[in-house]
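Right, one structure below, let's go through it.
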Amino acid sequence: MKNNYLTLLKESSSNSSKSTHSKVTKRAFTTLLSFLLLGFTYAQSPSFPVDFEDATQTYHADFGQNVSKVVVDPTDATNKVAESTKGNGAPGWGGSTIVNNGSLKKINFRPGSTKITVRVWSPDTGYIVNMKVENGADASINKEIQIKTSVAKNWETMTFDFDGKVEFDKTYEKLSLFFNLNQPGTGDKTFYYDDITFIESATKSQVELPVTFDSEFVDYTLTDFGNNQSKVIVDPTDASNMVAETTKPLGAPEWAGTTIGNADALATAIPFTATETKMTVRVWSPDSGIVVRLKVEDNDDDTKTCETDAITTKSSVWETLTFDFSKEADGTAKLDTANTYNKASIFLNYGVTGDEAGEKTYFWDDVMMKEKKQVDLPFTFEDPEVDYILSSFPDVVKVAVIKDPTDATNKVGEFTKPLGAPEWAGVTLGDARGFVNTIPFAATETKMTVRVWSPDSGIVIRLKVEDKSDATKSCETDAKTTIASAWETLEFDFTNEATGTAKLDLTQTFDKASLFFNKGVTGDEAGEKTYYFDDLKFGAKTASAFITAKLGLKYFPNPVNDVLNIASDFTMDQVTVFNQLGQIVLTHSVNTSNTSLDMTSLPTGIYMVRVEANNKAETFKITK
Numbered sequence: 010m011k012n013n014y015l016t017l018l019k020e021s022s023s024n025s026s027k028s029t030h031s032k033v034t035k036r037a038f039t040t041l042l043s044f045l046l047l048g049f050t051y052a053q054s055p056s057f058p059v060d061f062e063d064a065t066q067t068y069h070a071d072f073g074q075n076v077s078k079v080v081v082d083p084t085d086a087t088n089k090v091a092e093s094t095k096g097n098g099a100p101g102w103g104g105s106t107i108v109n110n111g112s113l114k115k116i117n118f119r120p121g122s123t124k125i126t127v128r129v130w131s132p133d134t135g136y137i138v139n140m141k142v143e144n145g146a147d148a149s150i151n152k153e154i155q156i157k158t159s160v161a162k163n164w165e166t167m168t169f170d171f172d173g174k175v176e177f178d179k180t181y182e183k184l185s186l187f188f189n190l191n192q193p194g195t196g197d198k199t200f201y202y203d204d205i206t207f208i209e210s211a212t213k214s215q216v217e218l219p220v221t222f223d224s225e226f227v228d229y230t231l232t233d234f235g236n237n238q239s240k241v242i243v244d245p246t247d248a249s250n251m252v253a254e255t256t257k258p259l260g261a262p263e264w265a266g267t268t269i270g271n272a273d274a275l276a277t278a279i280p281f282t283a284t285e286t287k288m289t290v291r292v293w294s295p296d297s298g299i300v301v302r303l304k305v306e307d308n309d310d311d312t313k314t315c316e317t318d319a320i321t322t323k324s325s326v327w328e329t330l331t332f333d334f335s336k337e338a339d340g341t342a343k344l345d346t347a348n349t350y351n352k353a354s355i356f357l358n359y360g361v362t363g364d365e366a367g368e369k370t371y372f373w374d375d376v377m378m379k380e381k382k383q384v385d386l387p388f389t390f391e392d393p394e395v396d397y398i399l400s401s402f403p404d405v406v407k408v409a410v411i412k413d414p415t416d417a418t419n420k421v422g423e424f425t426k427p428l429g430a431p432e433w434a435g436v437t438l439g440d441a442r443g444f445v446n447t448i449p450f451a452a453t454e455t456k457m458t459v460r461v462w463s464p465d466s467g468i469v470i471r472l473k474v475e476d477k478s479d480a481t482k483s484c485e486t487d488a489k490t491t492i493a494s495a496w497e498t499l500e501f502d503f504t505n506e507a508t509g510t511a512k513l514d515l516t517q518t519f520d521k522a523s524l525f526f527n528k529g530v531t532g533d534e535a536g537e538k539t540y541y542f543d544d545l546k547f548g549a550k551t552a553s554a555f556i557t558a559k560l561g562l563k564y565f566p567n568p569v570n571d572v573l574n575i576a577s578d579f580t581m582d583q584v585t586v587f588n589q590l591g592q593i594v595l596t597h598s599v600n601t602s603n604t605s606l607d608m609t610s611l612p613t614g615i616y617m618v619r620v621e622a623n624n625k626a627e628t629f630k631i632t633k
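In short: position in the sequence shown from 1, add 9, done, that's our numbering.
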């Protein structure tokens with residue numbers, strides 16, 4: 010079937026210059042792709058191919074006075090295509106971003122999968138067609154390829170190969186096309202294009218660090234020994250995440266383990282240096298206090314190894330274990346940075362047989378070289394390099410970092426206060442280390458904000474700050490939810506300390522924070538309830554503008570009730586607002602460095618605001 014798929018792609022490419030590209034052919038092609046999506050886990054991104062046939066979708070976001078629309082193919086009345094024209098006097102960089110119902114999903118660039126094809130109809134030969142891919146949040150991450158048209162007044166397939174240009178560790182989810190690049194618009198040159206297709210390789214990539222189990226294009230083979238039984242499954246605590254499941258059964262020896270990868274092991278050697286000797290693994294264990302061993306070795310020489318241990322501190326929750334190979338396990342070889350270490354194995358409950366422990370199942374994920382950073386404000390859950398530890402109290406409370414149930418692009422904290430939970434049940438944001446920096450309270454700066462989703466309005470949320478080194482130094486204050494089953498930003502003023510708690514003392518150090526949901530009410534009184542939280546920040550809710558980095562955007566207030574104010578270091582061209590479905594709900598043309606956007610008519614919810622300025626774009630999130 011793979012060969013048939015590749016053949017079809019080749020045939021489609023070679024025949025696409027024919028003027029009679031019938032809708033029947035397109036539908037047959039799309040049907041086969043859909044079939045392949047069902048048959049192969051490494052199928053194409055669901056945003057490809059972009060064929061302009063769905064009348065319910067918004068396909069274009071024009072810039073630089075470019076005008077795009079979906080029209081009937083002038084060469085085939087059964088087919089729909091995109092039409093692009095630069096208006097008279099339009100700048101040479103005028104073009105169009107392919108929106109496809111809000112935005113393209115991640116373009117899955119990887120070795121062997123770097124080509125995007127487009128069918129193009131040009132009024133003449135020699136016109137430059139520029140394709141640009143970029144990161145949706147950071148416009149500085151981008152790559153462009155230029156190809157000249159070779160056919161006049163007929164269709165041709167142009168192949169844009171980003172091999173050697175894109176960085177595979179970067180994310181690209183935005184695609185733009187520029188026709189007749191660098192030439193100002195005259196209003197009389199019209200181009201047509203169709204079938205934007207990402208060409209996937211049928212071969213999965215060899216696994217390498219970080220091992221996340223999340224890419225459908227990586228071969229996450231797990232090789233067990235000592236009767237271990239491992240497989241890649243959906244995370245039982247987070248349906249949006251994939252993890253490894255390992256069962257150590259009865260009869261398993263104390264050294265039973267699992268190697269990451271097949272006989273080829275890791276694609277790239279683990280980059281140990283004299284100062285970089287640590288690896289981390291997220292582990293879910295049914296028991297605390299068990300030994301987890303991590304072993305690295307040379308795949309071509311099993312005499313070159315190093316092993317080290319970490320011990321679980323929690324049961325039935327995820328935690329990140331750090332393995333320092335400068336501290337080798339007793340009786341094992343020291344780390345030699347002159348060696349090549351390109352193979353890794355994990356041993357769960359090392360030193361204990363399956364018969365001694367009974368059959369036990371463990372989960373593990375995110376095997377990586379770099380130790381995650383300690384948390385700090387703002388606490389957003391979005392930085393993949395930060396370890397967003399949540400420490401609940403007492404143990405009956407359940408906490409987790411999950412996808413926002415209202416916005417799949419966002420991560421939030423989940424807090425479940427069950428039956429049996431005391432009125433003071435809560436969660437600390439981080440571990441015993443607290444925040445990297447002290448919360449910068451001052452005489453006129455005493456407020457913090459947290460976004461909260463509560464199933465009920467009118468409940469008390471308490472925020473407590475304290476000195477991580479001295480728990481007697483603390484301050485607590487309350488805020489009440491005003492809406493149910495929707496996000497809102499609560500403001501906490503520490504000059505209004507909670508009854509019976511200490512006043513804010515500006516001479517003290519505060520570098521740790523905890524949240525208490527439905528403070529003063531037990532789990533038995535309220536019944537089991539689940540809350541969500543995000544974006545713990547220092548400062549008042551509307552006292553100052555939120556500032557972005559790339560375009561120097563300043564925007565306020567957030568949350569917004571009616572008017573959103575936006576200012577930039579550059580002259581802005583356009584502001585576009587998208588809802589959570591990726592649909593455009595507002596557009597606003599601008600030719601100044603500051604503007605106001607009336608959002609009164611929009612319903613309550615979360616929106617993405619995209620600002621175009623200085624030939625760049627930046628997107629930020631707001632709540633209404």
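Yeah, the Cβ is synthetic: ideal placement off N, Cα and C, and Gly gets one too. Remember, it's a predicted structure, so these values are computed and weren't measured experimentally.
- Note on Asn358: 16 or more other CB atoms within 10 angstroms of its CB, so buried under the neighbour-count rule.
- Counting along the chain, the unbroken beta strand (DSSP E) around Ala626 starts and ends at Lys625 to Thr632.
- For Gly422, the three-state secondary structure derived from DSSP is strand.
- Between the C-alpha atoms of Gln215 and Thr230 there is a straight-line separation of about 9 Å.
- In the DSSP assignment, Arg460 forms a beta bridge with Thr498 and Asp543.
- Shortest Cα-Cα distance from Glu182 to any of Pro120, Ile107 and Lys313 involves Ile107.
- In the three-state DSSP reduction, Ala452 falls in the coil class, being neither helix nor strand.
- Unbroken beta strand (DSSP E) stretches of 3 residues or longer found wholly inside the region 346–432: 352–357, 369–377, 399–402, 407–413 and 416–426, given in chain order.
- For Glu328, the three-state secondary structure derived from DSSP is strand.
- Around the CB of Leu545, 16 or more other CB atoms lie within 10 Å, so the residue is classed as buried.
- For Gly435, the enclosing beta strand (DSSP E) stretches over residues Gly435 to Leu438.
- Leu573 has Leu606 as its beta-bridge partners, per DSSP.
- Residue pairing of Lys521 in beta bridges, as defined by DSSP: Glu475.
- With 16 or more other CB atoms across the displayed protein chains lying within 10 angstroms of its CB, Glu627 is buried.
- Burial check for Lys489: the Cβ neighbour count within 10 Å stays below 16, so the residue is exposed.
- Judged by DSSP in its simplified three-state form, Glu225 adopts coil rather than helix or strand.
- Taking every protein chain shown into account, the CB of Ile242 has fewer than 16 other CB atoms within 10 angstroms, so this residue is exposed.
- The residues Thr425, in chain order, have a CB closer than 6 Å to that of Thr539 in the same chain once the five nearest residues on each side in sequence are set aside.
- Taking a C-beta distance under 9 Å as the contact criterion, Ala441 and Lys473 do not qualify as a contact pair.
- Within the region 69–116, the runs of beta strand (DSSP E) that reach at least 3 residues and sit entirely inside it are, in chain order, 69–72, 75–81, 89–95 and 104–107.
- Here the alpha carbons of Phe587 and Gly561 stand approximately 21 Å from one another.
- The residues Phe169 and Phe207, in chain order, have a CB closer than 6 Å to that of Ile125 in the same chain once the five nearest residues on each side in sequence are set aside.
- The alpha-carbon separation between Thr195 and Asn97 amounts to approximately 4 Å.
- Looking only at Ser325, Gln589 and Thr580, the smallest Cα-Cα distance to Asn600 is reached by Thr580.
- Rounded to whole angstroms, the separation of the alpha carbons of Pro100 and Asn191 is 8 Å.
- With a threshold of 16 other beta carbon atoms within 10 Å, Asp345 falls short and is exposed.
- Short of 6 Å from the beta carbon of Phe332, and not among the five residues preceding or following it, lie these beta carbons of its own chain, in chain order: Met288, Leu303, Thr317 and Ala319.
- The residues Asn250 and Met251, in chain order, have a CB closer than 8 Å to that of Asp223 in the same chain once the five nearest residues on each side in sequence are set aside.
- Straight-line spacing of the CA atoms in Thr321 and Asp582 works out to 53 Å.
- With a cut-off of 8 Å on Cβ pairs, the region 451–461 is not in contact with the region 429–440, counting fewer than three such pairs.
- In the displayed model, Asp533 falls within a helix according to three-state DSSP.
- Nearest to Glu497 by C-alpha distance, out of Ser463, Leu524, Ala511 and Thr486, is Ser463.
- The C-alpha of Thr87 lies about 29 Å from the C-alpha of Lys141.
- A distance of 9 Å or more separates the beta carbons of Ser122 and Phe188.
- The alpha-carbon of Thr531 is positioned some 33 Å away from that of Leu330.
- Runs of the beta strand (DSSP E) lying entirely within the region 148–215 and spanning at least 3 residues, in chain order: 151–157, 164–170, 183–188 and 199–208.
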